[in-house]
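Undergrad:
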Amino acid sequence: MTIRQLFHLKHKGIVPMQKTSQFIIILILLFQIQLFAQIDNQFQRPRLNLQKITDSGGELSPAQAAYDVTFYDLDLNIDPPAKSIDGSLTAVVKLVAGIDSLVLDLFDTFTVDSVLVKINNGTASPAEFVHSA
């Protein structure tokens, strides 16, 4: 039995035009409501303000203003059972002014065990550093 035959079995005889029109209007109204239910209000979502996230909140010291960081590579190893974080940071900087030291901010709870300096494409060599509060 085809779908058309099932349809004729359910609707024996001729359906009056007025009832058919009412049925079609109700279907159109129902589908319109469903269409509006699927609209995503993307324009009402709060936007992420990256300036607030990346802003350190303070003025740069002359030592910090003497260079621009062009690249960071942070490699972390997190060990939850030992409650420890181990890792390394590679920073590529462009000097803006002549400096004899590089100032990086780090929380006092972290330990710095070494600093390596690599100028241009030379080899990395250990550098003296101070990690103070």
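According to our numbering, the sequence shown holds residues 938 to 1070 in order.
Built from N, CA and C at the ideal position, the CB exists for glycine as well.
Thinking C-alpha only, which one of D1042, K1055 and L1053 is nearest G995?
TA: Out of D1042, K1055 and L1053, D1042 has the C-alpha closest to the C-alpha of G995.
Undergrad: From the DSSP secondary-structure annotation, give me the bridge partner or partners of A1028.
TA: DSSP lists Y1009 as partners of A1028.
Undergrad: Compare the beta carbon distance of V1049 and A1064 with 7 Å and say whether it is the shorter of the two.
TA: No, Cβ-Cβ distance for V1049 and A1064 is not below 7 Å.
Undergrad: Smallest Cα separation from V1054: which of F1047, F1066, D1005 and L1013?
TA: The candidate whose alpha carbon is nearest that of V1054 is F1066.
Undergrad: Among L1013, P999 and F1008, which has the Cα closest to the Cα of S1038?
TA: When only C-alpha atoms are compared, the closest one is P999.
Undergrad: Pull up the DSSP beta-bridge partners for P1063, would you.
TA: BP columns for P1063 point to L1053.
Undergrad: Rank A1061, S1069 and I961 by C-alpha distance to the C-alpha of V1029 and give the top, closest one.
TA: When only C-alpha atoms are compared, the closest one is A1061.
Undergrad: Throw me the rounded Cβ distance for the I1036 and Y1009 pair, which I believe falls under 8 Å.
TA: The Cβ separation is near 19 Å, so there is no contact.
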